[in-house]
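Read in order, the letters of the sequence shown are residues 10 to 286 in my numbering. Don't be surprised by glycine CBs; every beta carbon is placed ideally from N, CA and C. Reading through the structure tokens given below for one structure.
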Amino acid sequence: MEEIENYNLTLTSQPFDGELRRGRGAKFIYDEDNKIMGSASGKSVYDLNGNKIALYSRTEKTEDGGKKVKQRIYDAEGGEYRLADGKFYRYGKLCGTVEVTERNAAHIILLTAMALFLTAVIIFTALIGTPFDGRPIADIKDENGSWEAQTVVGVFDDKVLPGSGGEYGFIVRNPHDVTLYYSFSIRARYVGELETDYFPITFRLKMNNAVIGTQSWLTAEELNYSELLILPESEQAFGLEWRWAFDGGNDENDTLIGADGGKISLVLELTAQAGDN
């Protein structure tokens with residue numbers, strides 16, 4: 010068939026009838042004559058029939074002319090495939106390129122609320138053995154009810170992508186007749202096949218509608234407060250602001266995380282102890 014002449018069969022060992030099938034979430038691989046060889050995603054390499062011929066195994070960092078380049082390694086029968094900076098290597102030899110999508114809000118794969126969540130891990134300590142005869146030191150709730158009754162606390166909007174942001178509100182109530190002193194921090198983690206320490210979202214914490222400390226946006230590691238207090242039988246309203254800057258200087262990492270399709274998780278930690286009064 011004439012259509013087959015428009016394709017490169019190097020990666021396709023099974024009979025090909027000219028009906029191209031791209032792997033799910035994959036981008037086309039082109040040879041030097043601009044003929045399609047197959048397709049590659051973050052997890053797999055596919056032939057022209059859409060069959061998986063290699064699976065992602067790891068990511069390695071190399072230098073090319075002083076520039077740090079990440080290589081995705083795919084294990085295949087007979088050797089390795091590598092994808093680095095849009096270049097596709099088969100058994101160590103450059104054999105094609107992978108289409109590159111312009112970075113903009115319309116083309117970056119969205120991380121939805123289903124993949125983004127905040128797990129509330131609440132740790133309470135007190136200066137006495139059993140705080141308040143077994144009663145909780147503080148009550149914490151959001152618009153969906155108390156944290157204690159929720160397994161997962163939703164923090165993000167429906168669409169989370171570069172340029173988006175929002176605010177998660179919650180209330181801390183001290184039901185006792187003593188002052189509570191507490192600390193607040195979050196731990197963030199990206200979980201996916203992409204090996205990276207980069208976390209794209211920054212934060213600010215508001216207490217009673219006023220930003221605590223600095224107006225600057227902070228990383229998860231930087232957002233750490235101690236020696237906060239709440240008076241007896243009173244409550245304080247908090248707002249955890251978040252944003253994913255559209256032009257945050259990490260275009261490549263933002264795009265890689267979107268394409269990788271992993272999960273972003275946050276652990277919110279509040280440690281409280283009772284005062285002397």
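For a cut-off of 8 Å, the C-beta gap from Arg198 to Ala147 is around 25 Å, too long to register as a contact.
Contact between the stretch 237 to 244 and the stretch 149 to 159 is absent: fewer than 3 CB-CB pairs across the two stretches fall below 8 Å. It is roughly 6 Å from the alpha-carbon of Ser192 to the alpha-carbon of Leu279. CA-to-CA, the gap between Gly175 and Ser66 works out to about 35 Å. Residue pairing from DSSP places Met216 in a beta bridge opposite Ala219, Phe247. Across the structure, Gly27 and Tyr83 are spaced so that their CA atoms are roughly 26 Å apart. In the pairwise beta carbon analysis, the stretch 32 to 39 is classified as touching the stretch 51 to 67: at least three pairs are separated by under 8 Å. Of the candidates Glu250, Ser235, Ile195, Glu236, Glu250 places its Cα closest to the Cα of Ala219. Note: Glu69 is bridge-paired with Gln80 in the DSSP secondary-structure output. The DSSP-derived three-state label of Asn15 is helix. Ranking Ser22, Arg213, Asn43 by CA distance to the CA of Tyr16 puts Asn43 first. Within the DSSP bridge table, the entry for Lys44 names no partner. The secondary-structure analysis by DSSP pairs Ala158 with nothing; it has no beta-bridge partner. Counting along the chain, the unbroken beta strand (DSSP E) around Thr106 starts and ends at 102 to 107. Rounded to whole angstroms, the gap between the alpha carbons of Gly32 and Glu231 is 40 Å. Assignment of beta-bridge partners to Asp94 by DSSP yields no partner.
At the C-beta level, Ala63 and Tyr90 come within 8 Å of one another.
Of all alpha-carbon atoms in Tyr234, Ile195, Tyr177, Lys102, the one lying nearest the alpha-carbon of Gly163 is that of Tyr177. Contact annotation: Leu275 and Ile195 have beta-carbon atoms nearer than 8 Å. In the three-state scheme derived from DSSP, where H, G and I count as helix and E and B as strand, Arg198 is classed as strand. Nearest to Leu29 by C-alpha distance, out of Ala49, Gly105, Lys102, Gly59, is Gly59.
Selection Gly101, Lys77, Val187 evaluated against Gly87 yields Gly101 as nearest (Cα-Cα).
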